[in-house]
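For the record, in the sequence shown the residue sitting at position 20 is 41 according to our numbering, with numbers rising by one throughout.
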Amino acid sequence: SPWGGILDLCVIDQQLCHNEDSLLSFEAICSIHKLMDDDADGSVDTTETDEFLREDLQYKDSKAKQNSFHRADLHISVEDMWNAWKSSIVYNWTVPQVEEWLAVSVELPQYSESFQKLQLDGRSLPRLAVKNTTLTGSLLKIVDRGHAQKLQLKALDTVLFGPPPGLRNRWKDWVLALSILMALGGCWFAYAQTRKSRDDMGKLMKDLEGLQRAEQSLLDLQEKLQQAQEEQRWVQVEKVRVEEELRSEIDSAKHEAQRLRELREGTENELSRQKYAEQELEQVRMALKKAERELESRAHWTPPEPLQTWLQLTHEIEVQYYNCKKQSAERQLLQAKEGAEKIKKKRSSLFGTFHVAHSSSLDDVDHKILSAKQALAEVTAALREKLHRWQQIESLTGFALVHNPGLGALATALNLDPTFLGLRPPTPQHLLLSDDLDDMDEDILSPGTMCFFQTPDWSSSCSVVCFIHCHYVHWLVASIFEMSNFCVLIKFIIPCNDIVTYYILHQQNFLF
């Protein structure tokens, strides 16, 4: 039975069988298939296609068109032709694309306005490929028969074999140009991101180098400190040796004077007595000169010996506080180095550059490096100041303060509770937790263990050290206020808050 009804369309394509435009296009496809099927057997073979191309479309070389139409199917049915039309690029053309085809390929731009009014898109082209006087004459207002025939042949060629080469190439050019622009934009974006990432990494490396220089400066200063301590230890040993030699010489001079006195007393001759007296006087003079040299080598004022122990304790607690700051700076340095290593590893991966450029990890690492650099600079400055200050104190007192028996031995010598200095006492075997915690709370909240102006941060060991230091400095100042010639040393000793220092001195009615 002949094709072309709504029932036939519903059998082939149920989705479009109730669409009026699709039904008209299907009827046009059936008419084209009937036009090509000369033997009316329901399929178009290669011979019928070749004859149609040569006679109706007037193609001299029909081989390429024939291959494009049949492909691997030698017999084309109505269903095959309908499915081929639906899969064609032309089927999805929009109204502007059809108008462009009318102007460029058909060369009839004067009818573009009529096409636009009727909203003829790619799905309507099969209706133009068959003789339809109602559509071409009444609706499109095409009066010229030659124009109508030309439009029909061009539409038939487009429906069967796809868009013309010129139009297809033009669209390909547009797509190619758009692809090139997108590729250039992508390359520019990749270059910009790579350059930004490279600049950021360069800045990061500079900061890291500055951090390494600060770390090296701290190590150099610590090495100088160690050398200075070794030299000072040697000077102290040499000083003790010289004092022993001087004391030995004085003792030998005294013994010699005693011997001469005994000889003089046991001598009856007046000349011998006078001679021994002169020798004895000479020995006494030599002993007096050595004693004068010894006195000159010492200060006019000799500080009391307990002061040395207190100053040594002060130094050790300050060293603990400095070590806390140093460990904190080293932790920041380690975190900064680890962050920089992670950035390097991410940057070496395939999409690492884009990931680093669009993430906040680079800013975080840069902030860590700057913080670590600042912390190292503060530690270095604190070490330099501490070294100079204690050298001045040792020079003024003549005490060996930097080299001492240690915090535990000093606490024992001064009869101080180790827990007062932050030292961990031996844990008792039987510990009643509740009672001891209550006692601990009472000790912490007692007036004797509170700072003067602010509550310390008990979670920080450094704050505890500074807290303890502020307390025993009060004892130290009170113990030496009687020595007016030595009060200037307190300026070197107290590294606590200036307000605390002022309060201590004000309590003693002594400001300097």
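Glycine is no exception: its CB is placed at the ideal position from the N, C-alpha and C atoms. Given the structure is predicted, the values throughout are model-derived calculations rather than measurements.
Item: Identify, in the order they occur along the chain, each residue of the same chain with its Cβ nearer than 8 Å to the Cβ of residue 136, setting aside the five sequence neighbours on each side.; Value: 116, 119, 120, 123, 161
Item: Whose C-beta lies closer than 8 Å to the C-beta of residue 227 among residues of the same chain, with five residues either side of it excluded?; Value: none
Item: Does the count of Cβ pairs from the region 64-74 and the region 162-172 closer than 8 Å reach three?; Value: no
Item: Using the C-alpha atoms, what's the distance from residue 273 back to residue 526?; Value: With a pLDDT of only 38 at residue 526, under 50, the local geometry of the prediction cannot be trusted, and the value read off the model is given with reservation. Each residue's alpha carbon lies about 48 Å from the other.
Item: State the DSSP-derived secondary structure class of residue 163, mapped to helix, strand or coil.; Value: coil
Item: Please state if the CB of residue 414 and the CB of residue 332 are separated by a distance shorter than 9 Å.; Value: yes
Item: Report the residue from 147, 295, 177, 157 whose alpha carbon sits nearest the alpha carbon of residue 74.; Value: 177
Item: Take the Cβ of residue 342 as the centre, count every other Cβ of all protein chains shown within 10 Å, and call the residue buried at 16 or more, exposed below.; Value: buried
Item: May I ask you to report which of helix, strand or coil DSSP gives residue 127?; Value: coil
Item: Looking at the strands, I want to know which residues DSSP matches up with residue 340.; Value: For residue 340, which the question treats as bridged, DSSP gives no partner whatsoever.
Item: Below 8 Å, can you find three or more Cβ-Cβ pairs linking the region 419-426 to the region 237-256?; Value: yes
Item: So residue 29 packs on residue 145, CB below 8 Å; how close in whole Å?; Value: Rounded, the Cβ-Cβ distance is 20 Å, inconsistent with contact.
Item: What is the rounded straight-line gap between the Cα of residue 340 and the Cα of residue 234?; Value: 24 Å
Item: Counting only the same chain and skipping the five closest in sequence on each side, list residues whose C-beta sits under 7 Å from that of residue 87.; Value: 67, 70, 71, 74
Item: Within a Cβ cutoff of 7 Å, which residues of the same chain sit near residue 140, ignoring the five residues on either side of it in sequence?; Value: 116
Item: Assuming residue 84 contacts residue 126 (C-beta within less than 8 Å), just tell me the rounded distance between them.; Value: About 22 Å; that fails the 8 Å criterion.
Item: Taking residue 299 as the reference, which of 313, 277, 312, 438 has the closest Cα?; Value: 277
Item: Return the CA-CA distance between residue 130 and residue 172, expressed in angstroms with no decimal places.; Value: 11 Å
Item: Return the chain-ordered list of same chain residues with a C-beta closer than 7 Å to the C-beta of residue 148, the five sequence neighbours on each side being excluded.; Value: 45, 46, 49, 156
Item: Within 10 Å of its beta-carbon, does residue 203 have 16 or more other beta-carbons around it, so buried, or fewer, so exposed?; Value: exposed
Item: Quick check on the burial criterion: 16 or more other C-beta atoms within 10 angstroms. Buried or exposed for residue 301?; Value: buried
Item: Give every residue of the same chain whose Cβ lies closer than 8 Å to the Cβ of residue 549, excluding the five residues on either side of it in the sequence, and list them in chain order.; Value: Here the chain comprises residues numbered 22 to 533, so residue 549 is not present and cannot be evaluated.
Item: How about the region 391-409 and the region 235-244: do they share at least three Cβ pairs that are nearer than 8 Å?; Value: yes
Item: Return the bridge partner residues of residue 549 from the DSSP annotation.; Value: No answer is possible for residue 549: the residues shown for the chain start at 22 and end at 533.
Item: Assign residue 11 to one of three DSSP states: helix, strand, or coil.; Value: Because residue 11 is not part of the residues shown, which for the chain are 22 to 533, the question remains open.
Item: Indicate the three-state DSSP secondary structure (helix, strand or coil) for residue 184 in the structure shown.; Value: coil
Item: Note down, in chain order, each residue of its chain lying with its Cβ closer than 7 Å to the Cβ of residue 134, except the 5 sequence neighbours on either side.; Value: none
Item: Looking only at its chain, what residues have a beta carbon closer than 8 Å to the beta carbon of residue 428, apart from the 5 residues adjacent to it on each side?; Value: 334, 337, 338, 341, 442, 444
Item: Return the chain-ordered list of same chain residues with a C-beta closer than 6 Å to the C-beta of residue 430, the five sequence neighbours on each side being excluded.; Value: none
Item: Once the 5 residues before and after residue 56 are set aside, which same chain residues still bring their CB inside 6 Å of it?; Value: none
Item: Contact defined as beta carbons within less than 8 Å: I believe residue 357 pairs with residue 386. What is the distance between those atoms, to the nearest angstrom?; Value: 7 Å
Item: What is the rounded straight-line gap between the Cα of residue 244 and the Cα of residue 261?; Value: 26 Å
Item: Is DSSP giving residue 34 helix, strand or coil here?; Value: coil
Item: Relative to the C-alpha of residue 365, which residue among 222, 248, 384, 309 is closest?; Value: 222
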